[in-house]
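When you read off a place in the sequence shown, starting at 1, and then add 125, the result is the number in my numbering.
Even for Gly, the Cβ is constructed at its ideal location relative to N, Cα and C.
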Amino acid sequence: MRLAVDLNRCQGYAQCAFLAPEVFTTHGDEVLLYDSDPDEAQRERLAQAAAACPVRSILVEGGPIE
Ligand code: SF4
126 MRLAVDLNRC QGYAQCAFLA PEVFTTHGDE VLLYDSDPDE AQRERLAQAA
176 AACPVRSILV EGGPIE
């Protein structure tokens, strides 16, 4: 599945890294790295991460947020 994060909106709160640590990792206070082509098995965790992101910057292909 395709995953995108709007890094212009991302504030580095890291809720996503807490909820889906195999997909998102943080480096330092603000730098977020992520897998743009995560395994389908991560979909539920990604949905939770997208819902938890305070600035709604996580976009998951085929998920509730397009
Ligand atoms: S939860 Fe949202 S704002 Fe926080 S690091 Fe993840 S993408 Fe960025």
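Kindly indicate which residue of the options has the alpha-carbon position closest to the one of residue i.
i	options	result
V148	G187, A176, A166, V180	A166
D160	Q173, G137, G153, P146	P146
G153	Q136, D162, L144	Q136
A174	L144, R134, Y138, M126	L144
How should residue i be labelled, buried or exposed, when 16 other C-beta atoms within 10 angstroms of its C-beta is the threshold for buried?
i	result
L158	exposed
V130	buried
Contact defined as beta carbons within less than 8 Å: I believe residue i pairs with residue j. What is the distance between those atoms, to the nearest angstrom?
i	j	result
L171	V185	5 Å
R181	M126	About 18 Å separates the two Cβ atoms, so there is no contact after all.
With the cut-off set at 8 Å, would you say residue i and residue j are in Cβ contact?
i	j	result
L132	P163	no
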